[in-house]
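Take a look at the structure set out below.
There are 2 protein chains.
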Amino acid sequence: MPVFLDTISADFETAFQALLSAKREDSPDVDVVVAQIIEDVRTRGDAAVIELTARFDRLDLTPETMAFSASEIAEAVNQVTEVERTALELAAERIRAYHERQMPTDQEWTDAAGATLGWRWSAVSAAGLYVPGGLASYPSSVLMNAIPAKVAGVERLAIAVPTPDGQVNPLVLLAAQLSGVDKIYRIGGAQAIAALAYGTDTIAPVDKITGPGNAFVAAAKRRVFGKVGIDMIAGPSEILVIADKDNDPDWIALDLLSQAEHDESAQSILITNDTEFGQAVAQAVETRLETLQRRAIAGASWRDFGAVITVRNLEEAATLSNRIAPEHLELCVADPVALSKHTIHAGAIFLGQYTPEAIGDYVGGPNHVLPTARSARFSSGLSVMDFLKRTTLSQMTPEALRAIGPAAEILARSESLEAHGLSVTARLKRLNG
Amino acid sequence: MPVFLDTISADFETAFQALLSAKREDSPDVDVVVAQIIEDVRTRGDAAVIELTARFDRLDLTPETMAFSASEIAEAVNQVTEVERTALELAAERIRAYHERQMPTDQEWTDAAGATLGWRWSAVSAAGLYVPGGLASYPSSVLMNAIPAKVAGVERLAIAVPTPDGQVNPLVLLAAQLSGVDKIYRIGGAQAIAALAYGTDTIAPVDKITGPGNAFVAAAKRRVFGKVGIDMIAGPSEILVIADKDNDPDWIALDLLSQAEHDESAQSILITNDTEFGQAVAQAVETRLETLQRRAIAGASWRDFGAVITVRNLEEAATLSNRIAPEHLELCVADPVALSKHTIHAGAIFLGQYTPEAIGDYVGGPNHVLPTARSARFSSGLSVMDFLKRTTLSQMTPEALRAIGPAAEILARSESLEAHGLSVTARLKRLNG
Chain F
152 MPVFLDTISA DFETAFQALL SAKREDSPDV DVVVAQIIED VRTRGDAAVI ELTARFDRLD
212 LTPETMAFSA SEIAEAVNQV TEVERTALEL AAERIRAYHE RQMPTDQEWT DAAGATLGWR
272 WSAVSAAGLY VPGGLASYPS SVLMNAIPAK VAGVERLAIA VPTPDGQVNP LVLLAAQLSG
332 VDKIYRIGGA QAIAALAYGT DTIAPVDKIT GPGNAFVAAA KRRVFGKVGI DMIAGPSEIL
392 VIADKDNDPD WIALDLLSQA EHDESAQSIL ITNDTEFGQA VAQAVETRLE TLQRRAIAGA
452 SWRDFGAVIT VRNLEEAATL SNRIAPEHLE LCVADPVALS KHTIHAGAIF LGQYTPEAIG
512 DYVGGPNHVL PTARSARFSS GLSVMDFLKR TTLSQMTPEA LRAIGPAAEI LARSESLEAH
572 GLSVTARLKR LNG
Chain X
152 MPVFLDTISA DFETAFQALL SAKREDSPDV DVVVAQIIED VRTRGDAAVI ELTARFDRLD
212 LTPETMAFSA SEIAEAVNQV TEVERTALEL AAERIRAYHE RQMPTDQEWT DAAGATLGWR
272 WSAVSAAGLY VPGGLASYPS SVLMNAIPAK VAGVERLAIA VPTPDGQVNP LVLLAAQLSG
332 VDKIYRIGGA QAIAALAYGT DTIAPVDKIT GPGNAFVAAA KRRVFGKVGI DMIAGPSEIL
392 VIADKDNDPD WIALDLLSQA EHDESAQSIL ITNDTEFGQA VAQAVETRLE TLQRRAIAGA
452 SWRDFGAVIT VRNLEEAATL SNRIAPEHLE LCVADPVALS KHTIHAGAIF LGQYTPEAIG
512 DYVGGPNHVL PTARSARFSS GLSVMDFLKR TTLSQMTPEA LRAIGPAAEI LARSESLEAH
572 GLSVTARLKR LNG
């Protein structure tokens with residue numbers, strides 16, 4: 152049974168706090184092992200990667216077979232049905248169109264002092280994308296990571312995807328191909344992250360690593376952060392649905408379950424201003440759970456972390472939503488646009504009852520890699536910005552230096568940084584002399 | 152003596168690689184201690200912060216004296232000279248004007264399928280800024296961190312600045328006041344980062360922590376990353392100057408020294424297409440080092456990590472610059488704008504001989520918090536973006552769902568996520584009658 156809360160209850164605040172701080176993920180502490188793996192890959196390169204892949208994925212590689220060959224990719228891609236290919240192509244096209252609009256513009260201007268200022272954006276040269284193997288090897292995630300990188304202008308884009316016992320998902324390879332990925336390595340775990348960050352004889356190092364992974368991958372990304380850029384440390388998925396009574400309880404139930412089925416640690420929350428509607432949704436969830444393929448996972452998630460919260464009105468709903476800062480937020484109310492202006496801490500907002508969150512996972516266009524675990528308070532979903540960096544520009548004329556240089560001299564002196572000041576003084580002396 | 156390299160030498164590549172990979176910072180491994188401090192602050196809150204401040208800063212605090220009072224700030228600020236105040240105000244005004252231009256815009260559009268898509272930016276609610284105590288307590292850094300936060304719209308901005316033995320820099324408090332900082336705590340080290348991240352009875356938790364610090368602060372920021380956002384883990388400062396012979400060697404020498412004087416681990420590199428000019432600059436550095444106040448620090452940095460590289464031409468200079476990916480890049484050549492289009496991996500570029508890097512440290516306008524240690528390959532200097540996050544928006548009409556929903560159903564099935572597919576199917580069934 153999920154928890155049922157009501158803001159009119161005296162103990163609501165305590166119960167809501169408990170919901171917010173529930174520890175959903177019990178990550179094993181793999182940091183020591185991961186540190187050893189990274190050191191091993193740094194020291195021994197390919198040999199370490201090959202040994203670790205044999206041990207963890209039961210797969211024997213050589214430097215020559217570490218990456219998929221063009222013919223291996225073609226052969227796998229040929230297994231994809233036409234229906235699936237068409238769907239994946241539509242998704243790729245829509246994701247590309249959305250992300251192309253994110254490209255920021257350079258700026259340059261000359262101010263009153265005569266200083267020309269501005270900035271310029273450029274892409275990281277090389278990026279690596281981690282794709283989990285097995286159950287969570289999602290082609291849609293390949294599109295969501297690879298397309299923004301290519302739109303940003305990343306020249307070299309590599310994928311690392313473990314293939315336990317040699318098993319590979321043809322759709323993942325097709326998604327990589329549609330996105331313009333340059334190289335696909337069949338390696339995984341902390342050893343893949345280390346190889347992408349530091350390089351080996353076979354694997355060229357990259358500048359930025361993105362993509363989800365298990366506890367080993369997450370710990371490795373945290374460790375190589377600084378040497379390379381990383382996207383984020385993603386936690387289990389979440390959805391918050393704010394719905395009034397003018398909704399089909401079954402639709403809302405399916406939206407809640409579409410998060411719950413991801414992972415036993417996922418969290419699905421409904422906020423409604425109608426107690427009866429909340430009960431009807433909970434009932435519809437139970438009905439769907441009787442037949443859902445992934446009912447074991449979805450049922451555990453809903454039972455352990457699900458919640459139905461009754462509020463007095465939609466303002467209260469918005470306030471609670473901002474405290475939850477959900478990864479996904481569905482607004483199934485009469486005026487979802489108006490409500491969305493108050494729900495500011497959220498990774499992605501889905502407006503109205505015809506926008507189930509699943510649309511955003513595949514074909515909507517916006518990215519599905521989103522901040523989890525309340526981090527929408529301070530971070531954003533993946534975008535082209537993750538593959539760009541900004542260089543600031545400034546150019547002084549002699550007049551500009553005369554106008555603002557003296558202030559720099561004073562501040563340098565106050566910070567006891569004499570050479571800073573002298574570098575201005577020497578120039579002003581010539582100009583004024 | 153700095154190293155002298157020449158691209159025409161047979162061993163240039165080896166020597167340049169050595170320069171690139173020189174380990175300049177020997178950070179002590181403080182991770183275990185920092186983990187204990189964070190745990191202590193999480194568990195015991197104010198009491199832990201007070202004990203640790205007494206131990207490390209020799210300062211006895213109470214919950215009531217943890218933050219500076221308005222009258223304490225006013226009193227300290229009164230000690231600042233008019234000349235310094237005016238300079239700091241000019242700096243604040245110019246930094247604000249530059250960063251105001253960085254504010255991104257929201258977007259919304261309806262595409263051919265009838266889907267309304269877009270995104271909306273919003274500020275983090277609360278941010279914390281770490282300011283080192285002692286020698287590196289720079290008022291300019293307060294402006295550079297606090298102003299972008301306030302321009303972004305951060306409602307609550309707190310500073311943590313240690314005051315060893317109660318010593319405080321009045322200019323730091325004035326800079327905080329000019330930037331609109333809401334609260335200034337006299338605490339430092341890992342305990343300050345922990346208190347800002349997790350909160351105590353006295354200190355409200357924030358969503359994002361920025362600002363430089365020592366090894367303890369850096370390790371603590373790395374540990375709280377995820378619970379809150381952080382800016383970057385900054386390393387020692389660097390400058391690369393590309394200069395032709397039509398420059399005053401003394402000016403260039405002072406620019407190199409203005410990085411070297413920061414820190415013995417700082418690195419200053421000159422690339423020139425004229426060997427004699429390079430020698431003249433090296434000579435000018437030696438001359439300035441005879442009298443410079445911070446000659447011990449600057450001399451050590453120049454001797455241990457300084458370099459003068461002669462190249463055949465400016466294309467070669469640009470290629471090497473991109474491999475170095477410097478924090479600061481000065482282009483003192485006849486056409487700096489043309490050259491800057493090829494030097495794409497750099498935190499900040501200073502164009503022409505009247506733009507010493509020190510202008511950018513104080514009054515230019517662009518931020519002086521910049522990516523170090525080659526991280527300009529994948530990251531940018533601090534900006535308003537660090538205090539904003541983006542929420543993506545999507546809204547389907549019935550027609551849009553009919554157009555793109557079937558592809559989502561197919562992809563959900565291919566990923567074995569049945570509820571995802573059913574959430575679309577249920578709606579399409581109703582729509583299609």
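Read top to bottom, the protein sequences are chains F and X. Throughout the first sequence, residue numbering follows the numbering used here, covering 152 to 584 in sequence. Throughout the second sequence, residue numbering follows the numbering used here, covering 152 to 584 in sequence. Glycine residues also receive a C-beta, built at the ideal position from the N, C-alpha and C atoms.
1. Report yes or no: do the stretch 359-371 of chain F and the stretch 395-408 of chain F share at least 3 C-beta pairs separated by less than 8 Å?
2. Identify every residue that forms a DSSP beta bridge with Lys174 (chain X).
3. Three-state secondary structure (DSSP) at Phe219 (chain X)?
4. Anything in chain X within Cβ reach of Pro549 (chain F), meaning under 7 Å, just list it in chain order.
5. Under the DSSP definition of a beta bridge, which residues are partnered with Ser545 (chain F)?
6. Hey, is Thr543 (chain F)'s beta-carbon within less than 7 Å of any beta-carbon in chain X?
7. Could you tell me the alpha carbon to alpha carbon distance between Glu202 (chain X) and Leu212 (chain X), rounded to whole angstroms?
8. Buried or exposed: where does Gln418 (chain X) fall if 16 or more other Cβ atoms within 10 Å of its Cβ makes it buried?
9. Can you look up Tyr249 (chain F) in the DSSP assignment and give me helix, strand or coil?
10. If you reduce the DSSP assignment to three classes, tell me which class Lys372 (chain X) lands in.
11. From this set, F:Ala341, F:Gly362, F:Gly339, which residue's C-alpha is nearest His300 (chain F)'s C-alpha?
12. Residues in the same chain with beta-carbon distance under 8 Å from Leu241 (chain X), minus the five sequence neighbours each way, listed in chain order, please.
13. Taking Glu566 (chain X) as the reference, give the member of F:Glu164, F:Val184, F:Leu268, F:Leu322 with the closest Cα.
14. Give me whichever residues DSSP pairs with Gly340 (chain X) in a beta bridge.
15. Going by CA-CA distance only, name the one from F:Gln342, F:Val231, F:Val332 that's closest to Leu562 (chain X).
16. Comparing the C-beta of Ala570 (chain X) with each C-beta of chain F, is any distance below 7 Å?
17. DSSP state of Glu389 (chain X), grouped into three classes?
18. Interface residues of chain F around Ala578 (chain X) at Cβ under 8 Å?
19. Mind checking who Trp260 (chain F) pairs with in its DSSP beta bridge?
20. Taking all protein chains shown into account, decide if Gly317 (chain F) is buried (16 or more other Cβ within 10 angstroms of its Cβ) or exposed.
21. At what residue ranges does the stretch 418-503 of chain X contain a whole run of the beta strand (DSSP E), taking only runs of 3 or more?
22. Classify Glu176 (chain F) as buried or exposed, calling it buried when 16 or more other Cβ atoms lie within 10 Å of its own Cβ.
23. Taking 7 Å as the CB-CB cut-off, is Ile384 (chain F) touching chain X?
24. Between the Cα of Cys483 (chain X) and those of X:Arg247, X:Ala468, X:Gly503, X:Ala469, spot the shortest distance and give me the residue it belongs to.
25. Here's the rule I'm using: 16 or more other beta-carbon atoms within 10 Å means buried, otherwise exposed. How should Trp260 (chain X) be labelled?
26. Out of F:Ala169, F:Ile495, F:Asp157, point me to the one whose CA is closest to Asp257 (chain X)'s CA.
27. Under 9 Å, CB to CB, which of the residues in the stretch 249-265 of chain F have a partner in chain X?
28. Do the CB positions of Asp197 (chain X) and Thr353 (chain X) come within less than 7 Å of each other?
29. For the stretch 430-455 of chain X, enumerate the residues whose C-beta is nearer than 7 Å to any C-beta of chain F, in chain order.
30. Output, in sequence order along the chain, the residues in the stretch 407-425 of chain X whose CB is closer than 9 Å to any CB in chain F.
31. Work out the CA separation of Gln328 (chain X) and Ile344 (chain X) for me, nearest whole Å.
32. With distances taken from CA atoms, which of F:Tyr336, F:Pro255, F:Gly429, F:Val192 is nearest Pro283 (chain F)?
33. Does the beta-carbon of Asp401 (chain F), which I'm using as the reference point, lie nearer than 6 Å to any heavy atom of the ligand ADP?
34. Could you check how far apart the C-beta atoms of Thr158 (chain F) and Glu467 (chain F) are, in whole angstroms? I think they sit under 8 Å.
35. Taking the alpha-carbon positions, what's the Ala551 (chain F) to Val520 (chain F) distance?
36. Three or more C-beta pairs closer than 8 Å, one from the stretch 532-541 of chain F and one from the stretch 443-451 of chain F: is that the case here?
In short, the structure shows the following:
1. Under the Cβ criterion (8 Å, minimum of three pairs), the stretch 359-371 of chain F does not count as touching the stretch 395-408 of chain F.
2. Working through the second sequence from its first residue, we reach residue 174 (chain X) at position 23. By DSSP's assignment, Lys174 (chain X) forms no beta bridge with any residue.
3. For this step, residue 219 (chain X) is matched to residue 68 along the second sequence. In the displayed model, Phe219 (chain X) falls within coil according to three-state DSSP, outside both helix and strand.
4. The residue labelled residue 549 (chain F) in the question sits at position 398 within the first sequence. Neighbours of Pro549 (chain F) on chain X, chain order: Tyr505.
5. Numbered from its first residue, the first sequence carries residue 545 (chain F) at position 394. The partner list for Ser545 (chain F) (beta bridge, DSSP) reads F:Leu268, X:Phe501.
6. Counted from its first residue, the first sequence places residue 543 (chain F) at position 392. Thr543 (chain F) counts as touching chain X.
7. Counting from 1 along the second sequence, the entry for residue 202 (chain X) is found at position 51. Counting from 1 along the second sequence, the entry for residue 212 (chain X) is found at position 61. Cα-Cα distance, rounded: 9 Å.
8. Start at 1 with the first residue of the second sequence, and residue 418 (chain X) comes out as number 267. With 16 or more other Cβ atoms inside 10 Å of its own Cβ, Gln418 (chain X) counts as buried.
9. For the purposes of this step, residue 249 (chain F) is taken as the residue at position 98 of the first sequence. Note: Tyr249 (chain F) maps to helix in three-state DSSP.
10. Translated into the one-based positions of the second sequence, residue 372 (chain X) becomes position 221. Correct three-state label for Lys372 (chain X): helix.
11. Within the first sequence, numbered from 1, the residue matching residue 300 (chain F) stands at position 149. In the sequence under discussion, the amino acid at residue 300 (chain F) is Ala, which differs from the His named in the question. Among F:Ala341, F:Gly362, F:Gly339, the Cα nearest to that of Ala300 (chain F) is on F:Gly362.
12. Within the second sequence, residue 241 (chain X) is the residue found at index 90, counting from 1. Excluding positions up to five away in sequence, the list reads Val514.
13. Reading the second sequence from its first residue, position 415 is the one you call residue 566 (chain X). Closest in alpha carbon position to Glu566 (chain X), among F:Glu164, F:Val184, F:Leu268, F:Leu322, is F:Leu322.
14. For the purposes of this step, residue 340 (chain X) is taken as residue 189 along the second sequence, with counting starting at 1. Under the DSSP definition of a beta bridge, Gly340 (chain X) lacks any partner.
15. Numbered from its first residue, the second sequence carries residue 562 (chain X) at position 411. The shortest C-alpha separation from Leu562 (chain X) is found at F:Val231.
16. Reading the second sequence from its first residue, position 419 is the one you call residue 570 (chain X). Under the Cβ criterion of 7 Å, Ala570 (chain X) is counted among the residues facing chain F.
17. Along the second sequence, one-based indexing puts residue 389 (chain X) at 238. Secondary structure at Glu389 (chain X): strand, using DSSP grouped into helix, strand and coil.
18. On the second sequence, position 427 is the one that residue 578 (chain X) refers to. First, the residue type needs correcting, since residue 578 (chain X) is Arg and not Ala in the sequence shown. Near Arg578 (chain X) (Cβ distances below 8 Å), the residues of chain F are Trp402, Gln504, Tyr505, Pro507.
19. Counting from 1 along the first sequence, the entry for residue 260 (chain F) is found at position 109. Bridge partners of Trp260 (chain F): F:Leu268.
20. For the purposes of this step, residue 317 (chain F) is taken as residue 166 along the first sequence, with counting starting at 1. Counting the other Cβ atoms within 10 Å of the Cβ of Gly317 (chain F) gives fewer than 16, which makes it exposed.
21. Unbroken beta strand (DSSP E) runs of no fewer than 3 residues, entirely contained in the stretch 418-503 of chain X, are found at 418-423, 458-461, 479-483, 499-502, following chain order.
22. Stepping through the first sequence from its first residue, residue 176 (chain F) is reached at position 25. Exposed.
23. The residue given as residue 384 (chain F) occupies position 233 in the first sequence. A Cβ of chain X is located within less than 7 Å of the beta carbon of Ile384 (chain F).
24. Within the second sequence, numbered from 1, the residue matching residue 483 (chain X) stands at position 332. Nearest in C-alpha terms to Cys483 (chain X), of all of X:Arg247, X:Ala468, X:Gly503, X:Ala469, is X:Gly503.
25. Against the second sequence, residue 260 (chain X) aligns to sequence position 109. Residue burial is scored here from C-beta neighbours: Trp260 (chain X) has fewer than 16 other C-beta atoms within 10 angstroms and is therefore classed as exposed.
26. By one-based count along the second sequence, residue 257 (chain X) stands at place 106. Relative to Asp257 (chain X), the option among F:Ala169, F:Ile495, F:Asp157 whose CA is nearest is F:Ile495.
27. Of all residues in the stretch 249-265 of chain F, only Tyr249, Arg252, Gln253, Pro255, Gln258, Trp260, Asp262, Ala264 come within less than 9 Å of chain X when Cβ atoms are compared, listed by chain position.
28. Numbered from its first residue, the second sequence carries residue 197 (chain X) at position 46. Numbered from its first residue, the second sequence carries residue 353 (chain X) at position 202. If you check the CB distance, Asp197 (chain X) and Thr353 (chain X) come in under 7 Å.
29. For the stretch 430-455 of chain X, the beta-carbon criterion of a distance under 7 Å to any beta-carbon of chain F is satisfied by Leu443, Gln444, Arg445, Ala449.
30. Taking 9 Å as the cut-off between beta carbons, the residues of the stretch 407-425 of chain X near chain F are Leu407, Leu408, Ser409, Gln410, Ala411, Glu412, His413, in sequence order.
31. For the purposes of this step, residue 344 (chain X) is identified with residue 193 of the second sequence, where counting begins at 1. For the purposes of this step, residue 328 (chain X) is identified with residue 177 of the second sequence, where counting begins at 1. Their Cα atoms are separated by approximately 21 Å.
32. As a working note, residue 283 (chain F) is residue 132 in the first sequence. The candidate whose alpha carbon is nearest that of Pro283 (chain F) is F:Tyr336.
33. This structure simply doesn't include the ligand ADP, nor any ligand for that matter.
34. Along the first sequence, read from residue 1 onward, the residue named residue 158 (chain F) stands at position 7. Along the first sequence, read from residue 1 onward, the residue named residue 467 (chain F) stands at position 316. That pair is a contact at about 6 Å.
35. Numbered from 1 along the first sequence, position 400 holds the residue referred to as residue 551 (chain F). Numbered from 1 along the first sequence, position 369 holds the residue referred to as residue 520 (chain F). When rounded, the distance between both Cα atoms is 45 Å.
36. The stretch 532-541 of chain F makes no contact with the stretch 443-451 of chain F: fewer than 3 CB pairs, one atom from each, lie closer than 8 Å.
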